[in-house]
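Undergrad:
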Amino acid sequence: MDEGIRLPDVSEIASWLNERCQVERIRLRNELAFIQGDRARGGPLREDLAAALKFRLAAIDEHLKGSSSGPRPL
Numbered sequence: 000m001d002e003g004i005r006l007p008d009v010s011e012i013a014s015w016l017n018e019r020c021q022v023e024r025i026r027l028r029n030e031l032a033f034i035q036g037d038r039a040r041g042g043p044l045r046e047d048l049a050a051a052l053k054f055r056l057a058a059i060d061e062h063l064k065g066s067s068s069g070p071r072p073l
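The numbering of the sequence shown is numbering that gives the first Met the number 0, which starts it at 0 and goes up by one.
1. Label L16 either buried or exposed according to how many other C-beta atoms from any shown protein chain fall within 10 Å of its C-beta, with 16 as the threshold for buried.
2. Mind reading off the beta-carbon distance from L52 to E30? Whole number of angstroms is fine, and I expect it under 8 Å.
3. I need the boundaries of the alpha helix (DSSP H) containing I4, first residue and last residue.
4. Whose CA, out of I12, G41, D60 and I34, lies closest to the CA of A50?
5. Between V22 and A58, is the Cβ-Cβ spacing less than 8 Å?
6. According to DSSP, is L48 helix, strand or coil?
7. Can you say whether L27 is buried or exposed, counting buried as having 16 or more other CB atoms within 10 angstroms of its CB?
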């Protein structure tokens with residue numbers, strides 16, 4: 000992994016408020032975009048880091064989806 004990029008644990012993500020999730024989601028998406036841009040210009044693949052970022056982004060999306068669902072009408 001790249002030591003310059005901080006990757007949160009799934010348990011850490013689960014404890015975040017929605018505002019923190021939004022901020023971290025943007026940060027991780029930017030990191031993923033930089034990796035994809037480097038790869039498009041012939042840079043290293045860094046597939047392990049890209050996969051780790053996608054996994055965390057999916058965890059954040061699930062957390063946001065779960066916390067936005069309030070009580071449902073009968």
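We put the beta carbon where it would ideally sit given N, CA and C, even for glycine.
Just so it is clear, the structure is predicted and the values come from calculations on it, not from any experiment.
TA: Short version:
1. exposed
2. 6 Å
3. First-last for I4: undefined, no H or E at that position.
4. I34
5. no
6. helix
7. buried
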